[in-house]
Every structure is written in structure tokens, then in C-alpha cells.
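Working notes for the structure below.
In this note's numbering, the protein residues as written are 647 to 833.
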């Protein structure tokens, strides 16, 4: 008989993320925000069963989008999970423009560990899937949902730059599907 998979860390991360995101909606989607981190974790699970990486995937937006701090993540889930979440967290400096924040995030990601890139791909693939679905439904209206000052050209620059930063994962099915979505949406 097979031993059951040890998931206590991931299970705790799911409970923590559900509580952290409680009552929030995915931007212009009409469904609970937690669906996105759950999808990101499911995508990461296609590349690894590492429980710390799966925990980081489910927690990836807690520091950026809730009152949770990176110190709380470190205390509760350990140094590695905190590092993986930190590498997925956009700079919070209000003095930076949208492009400067995204450029800093891209540089951070390009220099990040393989594991950080796997977690990031889960997030970005989930985001790109949502963009593609919305684009099929409402066309260019989708670009009004973004904080990007120039709309579609800025969003395209960012998501194509992400593909470059994550290119070490080009042998994964998730990366290949991400590229297909880029082409579907941006041509």
C-alpha cells in the first residue's frame, strides 16, 4: 500500500491564504480571489510535488494584496516559503511608476532561483489564462482592467518579458502553454 502524501504544510497554507483573501474578489471577475492562488498552485503541481513550492504558490499574493507580512509568512511557513513568496511580490514603493515596478520585478525574477521561477510561472500562467478568456469574451475592453498606463502595449511588453525571464522553464508543458496564450492574445 502506498504511503499517503504528506501535505500538512500545504494544507495550512491553503487555510491561511483563504483567510487572508476572505471577502476579496478577483479584479472584475465576480468570483473569490482565492481561486487565482488555487489555480497557480495547481499549475505548479504540474511541475513539482514540493510542498514548500506549492505552499508558496497558494500564498504568493498574500503579502502583495493583503495585510500579511513576509515576516508572518516566514514565521508560519519557514524561510524557503518566505523567500519564494518574496520573489513573487512586486515592489511596493509608491514613488515608482508602473513600468519601473514591473522592470524591478522582472529583474528580480530573472535573477531568481529555479524554484522561484516555477512558482512565478504558476502565477503568470494563471493570469495569462484569465486574460485570454476575457479577451475572447470582451476583446480590447479587457485592457481597461489594467493599471498599465498604455494598456495593451504595456501588458504585452510585461507578459512577453516574463516569458524571457522564465525561459529556463521552456521544457515544461506549463511554459509551452503560456507561450500559446501569449500568441493567442497578442499575436
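Glycine included, every Cβ here is placed at the ideal spot set by N, Cα and C.
Quiz item: Is it buried or exposed for residue 645, if we count other Cβ within 10 angstroms and need 16 for buried?
Solution: The chain is shown from 647 up to 833; residue 645 falls before or after that span and cannot be answered.
Exercise. Within its chain, find whatever has a CB closer than 8 angstroms to the CB of residue 747; leave out the 5 residues flanking it on each side and keep chain order.
Key: As a first step, residue 747 is located in the chain shown; it is residue number 101 there, counting from the start. Closer than 8 angstroms at the Cβ level, and outside the excluded window around residue 747, lie 736, 737, 739.
Self-check item: C-alpha distance - residue 826 paired with residue 778, whole-angstrom precision
Solution: As a position in the chain shown, residue 826 is number 180, starting the count at 1. As a position in the chain shown, residue 778 is number 132, starting the count at 1. Their backbone Cα atoms lie some 10 angstroms apart in a straight line.
Quiz item: When the distance is taken between beta carbons, is residue 705 closer than 9 angstroms to residue 678?
Solution: Working through the chain shown from its first residue, we reach residue 678 at position 32. Working through the chain shown from its first residue, we reach residue 705 at position 59. Taking 9 angstroms as the cut-off, the beta carbon of residue 678 is found no closer than this to the beta carbon of residue 705.
Quiz item: Are there three or more Cβ pairs, one per stretch, closer than 8 angstroms when the region 719–738 is compared with the region 654–670?
Solution: The region 719–738, when compared against the region 654–670, does touch it at the 8 angstroms Cβ threshold.
Quiz prompt | Cβ contact check for the region 811–825 and the region 764–780: 3 or more pairs under 8 angstroms | solution = Taking a contact to require three or more Cβ pairs closer than 8 angstroms, the region 811–825 and the region 764–780 qualify as touching.
Quiz item: Alpha carbon to alpha carbon, what distance is there between residue 689 and residue 772?
Solution: Here residue 772 refers to the residue found at position 126 when the chain shown is read from its first residue. Here residue 689 refers to the residue found at position 43 when the chain shown is read from its first residue. Cα to Cα, residue 772 sits roughly 8 angstroms from residue 689.
Quiz item: From residue 821 to residue 751, what does the alpha carbon distance come to, in whole angstroms?
Solution: The residue labelled residue 821 in the question sits at position 175 within the chain shown. The residue labelled residue 751 in the question sits at position 105 within the chain shown. Each residue's alpha carbon lies about 19 angstroms from the other.
Quiz prompt | alpha helix (DSSP H) runs contained entirely in the region 781–815, provided each spans 4 or more residues | solution = Whole alpha helix (DSSP H) segments, 4+ residues: 798–811.
Self-check item: Sub-9 angstroms separation of residue 686 and residue 730 beta-carbons
Solution: What you label residue 686 is simply residue 40 of the chain shown in a count that begins at 1. What you label residue 730 is simply residue 84 of the chain shown in a count that begins at 1. For residue 686 and residue 730, no; Cβs fall outside 9 angstroms.
Self-check item: Exposed unless 16 or more other CB atoms sit within 10 angstroms - verdict on residue 651
Solution: Position 5 of the chain shown holds residue 651. When all chains shown are included, residue 651 counts as exposed.
Practice problem: Within the same chain, show all residues whose beta-carbon is closer than 6 angstroms to that of residue 800, passing over the 5 residues directly before and after it, in chain order. | Solution: If you number the chain shown from 1, residue 800 lands on position 154. Excluding positions up to five away in sequence, the list reads 794.
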